[in-house]
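The working numbering puts the first residue of the sequence shown at 1068, with every later residue one more than the last.
Beta carbons are placed, not taken as given, at the ideal position from N, Cα and C, and that holds for glycine.
Structure first, commentary second.
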Amino acid sequence: MAEVNTRKILILGSSGMLGNAMLRLFCDSAGLDVRGTVRRWPPGDVLPRSLHSKVICGVDVESADALTRLFAEIRPDVVINCVGVVKQLVFSARPPGCPACQLHIAAPSGQAL
Ligand SMILES: NC(=O)c1ccc[n+]([C@@H]2O[C@H](COP(=O)([O-])OP(=O)(O)OC[C@H]3O[C@@H](n4cnc5c(N)ncnc54)[C@H](OP(=O)(O)O)[C@@H]3O)[C@@H](O)[C@H]2O)c1
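In structure tokens:
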């Protein structure tokens, strides 16, 4: 049974360098119910099998509908956006405006980081 004061944490981009570290860290923390999203399954070697049950696959943050469904289903207290539009990649030249860049608006309770 879940603890009464358990907080739900949703980590977007859990297959990335930052996201997988966040997922590991928070899964080891007491009082948190943690889920992480990935675009593709399997997420590669970056996540140990012991964490696979915490992972929701098929989440592309450029789909506003997918994010809306995800938030409605999980109802997180906090969303941590670790999706990276990293400098090394060609598409990082695209200006901000995709849903991933607007998560602070879309997240529940105004608690996205
Ligand atoms: N790494 C650090 O030490 C560090 C420190 C401070 C800040 N940051 C910032 O944190 C962010 C992530 O950095 P990182 O080093 O973790 O990058 P990374 O290893 O390249 O990870 C990027 C992640 O974003 C996911 N992603 C990209 N486009 C997506 C989309 N449309 N939908 C869903 N997921 C998508 C990737 O999924 P796929 O695996 O499917 O491609 C991957 O999980 C960047 O903005 C970076 O500037 C990183």
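Return yes when the C-beta of Ser-1082 is under 7 Å from any heavy atom of ligand 1, and no when it is not.
Answer for Ser-1082: yes, Cβ within range of ligand 1.
Endpoints, the alpha helix (DSSP H) within which Arg-1136 is located
Secondary structure note for Arg-1136: its alpha helix (DSSP H) is the uninterrupted segment 1131-1141.
Of the residues Arg-1136, Ser-1120, Ala-1088 and Thr-1135, which one's Cα is nearest the Cα of Val-1113?
Here the closest residue by C-alpha is Ala-1088.
Suppose you measure from the CA of Ile-1141 to the CA of Arg-1074; what does that come to, to the nearest Å?
When rounded, the distance between both Cα atoms is 11 Å.
Can the beta-carbon of Leu-1137 be found less than 8 Å from the beta-carbon of Val-1126?
Yes.
Check this for me: beta carbons of Leu-1118 and Leu-1090, under 8 Å apart or not?
Yes, the pair counts as a contact, with Cβ atoms nearer than the cut-off.
Return yes when at least one heavy atom of ligand 1 lies under 7 Å from the C-beta of Asn-1146, else no.
In the sequence under discussion, the amino acid at residue 1146 is Val, which differs from the Asn named in the question. Incorrect: Val-1146 has no Cβ contact closer than 7 Å to ligand 1.
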